[in-house]
Amino acid sequence: MYSDIYKNIKIKENATILAIESSCDETAASVVRGGREILSNEIMSSCSEHVRFGGVVPEIASRAHTAAVSLVTDAALKKAGVTLKELDAIAVTYGAGLLGALLVGVSYAKALAYAANIPLVPVSHIRGHIAACYLNNPDLEPPFISLLASGGHTAVMFVKSYTEFEIIGQTLDDAVGEAFDKVARVLHLEYPGGPNIERLAKTGVPSVELPRMFKGDKHNFNFTYSGLKTAVINYTHGREQAGEPYSAADVACSFQCAALDVLVGKTILAAKLKNVQTVAAGGGVVANGYLREKLEKACKTRKIKLYLPPKPLCTDNAAMIGAEGYIQYTKCNFAGLDLNAQASVEL
Ligand code: KG4
Ligand code: ZN
117 MYSDIYKNIK
127 IKENATILAI
137 ESSCDETAAS
147 VVRGGREILS
157 NEIMSSCSEH
167 VRFGGVVPEI
177 ASRAHTAAVS
187 LVTDAALKKA
197 GVTLKELDAI
207 AVTYGAGLLG
217 ALLVGVSYAK
227 ALAYAANIPL
237 VPVSHIRGHI
247 AACYLNNPDL
257 EPPFISLLAS
267 GGHTAVMFVK
277 SYTEFEIIGQ
287 TLDDAVGEAF
297 DKVARVLHLE
307 YPGGPNIERL
317 AKTGVPSVEL
327 PRMFKGDKHN
337 FNFTYSGLKT
347 AVINYTHGRE
357 QAGEPYSAAD
367 VACSFQCAAL
377 DVLVGKTILA
387 AKLKNVQTVA
397 AGGGVVANGY
407 LREKLEKACK
417 TRKIKLYLPP
427 KPLCTDNAAM
437 IGAEGYIQYT
447 KCNFAGLDLN
457 AQASVEL
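Numbering (the numbering used here), first residue to last: 117 to 463.
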């Protein structure tokens with residue numbers, strides 16, 4: 117029986133793990149050694165197929181994953197120079213994400229684990245974003261403050277150990293990436309909104325006054341983005357109704373500053389609160405140049421050591437699943453062939 121493999125398992129410190137990610141519109145596979153060293157990192161995106169719909173269409177994403185999953189996996193193994201037999205485990209994102217999309221990766225990973233008779237490691241996509249900072253950074257170790265800023269989550273966490281987190285604050289409504297995507301739509305920018313707002317913001321100035329909710333509040337580490345989004349809508353609609361022109365670039369720039377200044381402020385306050393001198397960040401929004409610059413400046417002034425993954429490791433990828441998969445593997449957190457996908461998982 118497949119589950120018998122867990123009876124006498126020997127955990128290897130330098131385990132070679134194949135990771136598979138399919139939670140949204142990226143089909144990705146990566147081979148990671150010892151949780152830190154990327155041997156390969158392959159990705160195929162169905163992003164262009166969703167543009168005309170203004171967002172990810174779950175059915176289209178699932179079909180694209182089905183077509184891509186074996187191609188990216190084969191490419192990842194080939195690039196790493198590793199055969200299925202040489203793997204120590206297969207890690208897969210089981211949630212959070214689009215159910216149909218997740219199921220493609222989960223089913224494929226199960227079949228591979230069964231065929232190779234090696235452990236299957238279930239990985240939370242959210243924890244994957246946090247673990248991305250471990251990749252190529254052998255010196256990063258808990259405790260540290262982690263800023264998670266993606267399309268689905270916004271939180272500041274105290275990472276006590278590789279597996280124990282304390283949420284210091286999180287969004288009460290929209291995630292920051294979601295706010296970027298919604299504001300992009302208001303400004304008639306194409307999906308994905310975040311990178312397009314960043315591009316447009318470069319040509320504008322932050323002249324529109326927008327709320328920076330809870331910024332500087334030392335007793336409230338939570339975030340809220342629905343008010344900021346409404347403020348942008350009120351501003352643009354107000355101008356349109358009055359027949360007054362406005363600069364979309366200035367709105368984009370003002371929104372970007374308002375949305376991201378709060379993240380930087382809370383991250384620094386959290387480091388102070390927990391008395392730690394190390395900060396790491398992860399998630400698609402951390403690919404934003406303005407946020408990276410602001411974080412770097414704020415940390416440098418306070419002599420805080422900052423770890424930012426390179427941009428391709430901020431947005432969805434499988435290497436981060438390999439990094440978190442390794443942590444779960446060392447803790448013997450394995451799954452059986454009854455592993456199911458979950459649309460949402462706890463932070
Ligand atoms: O982490 P991610 O790839 O997927 C989720 O797990 O959600 O994050 C995607 C989010 C989207 O909302 C996207 O608009 C945002 O990250 N994003 C950005 C940038 N690149 C991606 N937001 C601001 N600036 C960017 N450069
Ligand atoms: Zn993600």
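A virtual CB, placed ideally from N, CA and C, is assigned to each residue, including glycine.
Distance between I443 and E280, taken at the CA atoms: about 11 Å. Burial state of F169 is exposed, judged by a 10 Å Cβ sphere holding fewer than 16 other Cβ atoms. For the pair L263 and E129, the Cα-to-Cα distance works out to about 28 Å. Distance from the CA of V378 to the CA of M329, rounded to the nearest whole angstrom, comes to 7 Å. The segment 231-242 makes no contact with the segment 421-428: fewer than 3 CB pairs, one atom from each, lie closer than 8 Å. At the C-beta level, A387 and I349 stay beyond 8 Å of one another. With distances taken between CA atoms, T270 lies nearest to Q286 out of Q286, S277 and N433. Exclusion of the five residues before and after L228 leaves I206 as the residues of its chain whose Cβ lies within less than 6 Å of its Cβ. Distances taken from the Cβ of E314 to the heavy atoms of the ligand KG4 include one shorter than 7 Å. In this structure, D297 has its beta carbon less than 7 Å from a heavy atom of the ligand KG4. The set of residues with any CB-heavy atom separation to the ligand ZN below 5 Å comprises, in chain order, S266 and D432. Non-local beta-carbon contacts of R418 in its own chain, meaning distances under 7 Å to residues more than five positions away in sequence, involve I384 in chain order.
Cβ contact annotation for L215 (same chain, cutoff 7 Å, sequence separation greater than five): A457 and A459, in chain order. When DSSP states are grouped into helix, strand and coil, R408 belongs to the helix group.
Residue nearest to K382 within the set D289, T340 and G359 is T340 (criterion: CA-CA distance).
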